[in-house]
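Student:
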Amino acid sequence: MTAKGPTVVMVVGRVNQGKTALVSTLTRNNHLSEKKDCCQKTYRWYPENEGEWWIVDTPGFGSLSYSDEKVMTTIKRKANGIDHVNAFIYVMNCSKRITDYEIVTLNLLESQFEDFLKSTVFVFTHGDIYPGLLTQDFIERFPETFRDKVKEADNRVVVIDNKPKNDDNNTKIKLIQDFIKNIVEGTKVYQLEMVVSA
Numbered sequence: 308m309t310a311k312g313p314t315v316v317m318v319v320g321r322v323n324q325g326k327t328a329l330v331s332t333l334t335r336n337n338h339l340s341e342k343k344d345c346c347q348k349t350y351r352w353y354p355e356n357e358g359e360w361w362i363v364d365t366p367g368f369g370s371l372s373y374s375d376e377k378v379m380t381t382i383k384r385k386a387n388g389i390d391h392v393n394a395f396i397y398v399m400n401c402s403k404r405i406t407d408y409e410i411v412t413l414n415l416l417e418s419q420f421e422d423f424l425k426s427t428v429f430v431f432t433h434g435d436i437y438p439g440l441l442t443q444d445f446i447e448r449f450p451e452t453f454r455d456k457v458k459e460a461d462n463r464v465v466v467i468d469n470k471p472k473n474d475d476n477n478t479k480i481k482l483i484q485d486f487i488k489n490i491v492e493g494t495k496v497y498q499l500e501m502v503v504s505a
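The numbers in the sequence shown follow this note's numbering, run straight up by one, and end at 505.
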């Protein structure tokens with residue numbers, strides 16, 4: 308809990324990467340909200356002994372229904388409608404390759420939010436395709452331009468498989484929570500762990 312109220316985390320990324328499923332996993336909400344428009348929902352999350360957290364699920368970039376400009380306007384409107392945003396979770400599907408469009412999307416977010424990368428945790432979904440791989444080895448697979456972005460974010464990378472009942476995900480959820488806490492507190496967390504337990 309911050310002095311100004313709840314810890315607010317905005318979940319961003321491209322469409323079909325697993326943003327809403329991740330929000331469901333984090334908040335243990337098995338009822339995903341129906342997406343009626345370009346706006347999403349805000350969920351309350353109460354991590355153990357951490358006070359109230361708000362998880363803001365946002366529309367995805369790269370939609371066939373909405374331009375990236377409309378998506379960015381919606382994200383900014385949501386951010387302005389909330390007193391503050393403490394951290395961002397940038398969600399990507401680890402089974403898809405990183406393209407120039409991903410870098411363009413990150414650059415757009417950086418241009419709109421001061422210190423975006425310094426406040427971001429990169430979460431890769433569908434991590435069960437890489438059992439036993441160390442996170443650092445996973446990061447090394449990225450193109451150099453993306454590795455530079457991850458480095459600016461203090462190498463805060465979590466790979467999760469998006470199955471809410473998976474025991475390994477409890478550890479990953481805790482790591483995401485720790486990363487966010489440390490963003491809010493301005494401290495670093497170091498990790499050396501497997502992407503998904505073998």
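Note that CB positions come from ideal geometry on N, CA and C, so glycine has one too.
#1: Taking the beta carbon of Pro438 as the centre, do at least 16 other beta carbons fall within 10 Å, making it buried, or is it exposed?
#2: Is the Cβ-Cβ distance between Ile389 and Val315 less than 8 Å?
#3: Leaving out the 5 sequence neighbours to the left and right, which residues in its chain are closer than 8 Å to Ser402 when beta-carbon positions are compared?
#4: With Thr349 as the anchor, note down where its beta strand (DSSP E) starts and where it stops.
#5: Looking at the unbroken alpha helix (DSSP H) that takes in Tyr437, where does it start and where does it end?
#6: Are Ile446 and Val457 closer than 8 Å when you measure CB to CB?
#7: Assuming the contact rule is C-beta atoms closer than 8 Å, Val428 and Phe486 should be a hit. Round their C-beta distance to whole Å, please.
#8: Run the proximity test for Tyr437: is its beta-carbon closer than 7 Å to any non-hydrogen atom belonging to the ligand MN?
#9: What are the start and end residues of the beta strand (DSSP E) that includes Gly358?
#10: With DSSP collapsed to three states, give me the class of Ala394.
#11: Which value, in whole angstroms, describes the spacing of the CA atoms of Glu359 and Tyr353?
#12: To the nearest angstrom, report how far apart Val363 and Leu424 are at their CA atoms.
#13: For the beta strand (DSSP E) containing Thr314, name the first residue and the last one.
#14: Between the beta-carbon of Glu409 and the beta-carbon of Phe453, is there less than 8 Å?
#15: Name the two residues that bound the continuous alpha helix (DSSP H) containing Arg454.
#16: What are the partner residues of Phe429, as DSSP defines its beta bridges?
#17: How should Asn323 be labelled, buried or exposed, when 16 other C-beta atoms within 10 angstroms of its C-beta is the threshold for buried?
#18: For Phe486, which of helix, strand or coil comes out of DSSP?
#19: Whole-angstrom Cβ separation of Val378 and Val398, contact assumed at under 8 Å?
Tutor: Quick look at the numbers:
#1: Locating residue 438 in the sequence shown gives position 131, counting from the first residue. Under this definition Pro438 is an exposed residue.
#2: The residue you call residue 389 lines up with position 82 of the sequence shown. The residue you call residue 315 lines up with position 8 of the sequence shown. In this structure, Val315 lies closer than 8 Å to Ile389 by Cβ.
#3: Reading the sequence shown from its first residue, position 95 is the one you call residue 402. So the list reads His433, Ile436, once near-sequence residues are dropped.
#4: By 1-based counting over the sequence shown, the position of residue 349 is 42. That run of the beta strand (DSSP E) goes 349-352.
#5: Residue 437 sits at position 130 when you count from the first residue of the sequence shown. Segment: none, Tyr437 is in no alpha helix (DSSP H) and carries neither H nor E.
#6: Your numbering for residue 446 matches position 139 in the sequence shown. Your numbering for residue 457 matches position 150 in the sequence shown. For Ile446 and Val457, yes; Cβs fall inside 8 Å.
#7: On the sequence shown, residue 428 is found 121 positions in, with the first residue counted as 1. On the sequence shown, residue 486 is found 179 positions in, with the first residue counted as 1. Contact holds; Cβ gap of about 5 Å.
#8: Of the ligands one can find in the structure shown there are none, so the ligand MN has no counterpart to examine.
#9: Taking the first residue of the sequence shown as 1, we reach residue 358 at position 51. Here Gly358 belongs to no beta strand (DSSP E), and DSSP marks it neither H nor E.
#10: Position 87 of the sequence shown, counted from the start, is the residue given in the question as residue 394. Strand, per DSSP.
#11: Sequence index remark: in the sequence shown, residue 359 carries index 52 (1-based). Sequence index remark: in the sequence shown, residue 353 carries index 46 (1-based). The straight-line gap from Cα to Cα measures roughly 5 Å.
#12: Within the sequence shown, the letter at position 56 stands for residue 363. Within the sequence shown, the letter at position 117 stands for residue 424. Each residue's Cα considered, the two are about 17 Å apart.
#13: Walking along the sequence shown from the start, residue 314 turns up at place 7. Counting along the chain, the beta strand (DSSP E) containing Thr314 begins and ends at 314-320.
#14: If you number the sequence shown from 1, residue 409 lands on position 102. If you number the sequence shown from 1, residue 453 lands on position 146. Yes, these two residues count as a Cβ contact at 8 Å.
#15: Along the sequence shown, read from residue 1 onward, the residue named residue 454 stands at position 147. It spans 451-459 - the alpha helix (DSSP H) in which Arg454 sits, taken as one unbroken run.
#16: As a working mapping, residue 429 is identified with position 122 in the sequence shown. DSSP lists Tyr397, Val464 as partners of Phe429.
#17: Residue 323 sits at position 16 when you count from the first residue of the sequence shown. Label assigned to Asn323: exposed.
#18: Stepping through the sequence shown from its first residue, residue 486 is reached at position 179. Residue state, collapsed to three classes: helix.
#19: Taking the sequence shown and counting its residues from 1, one reaches residue 378 at position 71. Taking the sequence shown and counting its residues from 1, one reaches residue 398 at position 91. The pair is not a contact, with the Cβ atoms about 14 Å apart (cut-off 8 Å).
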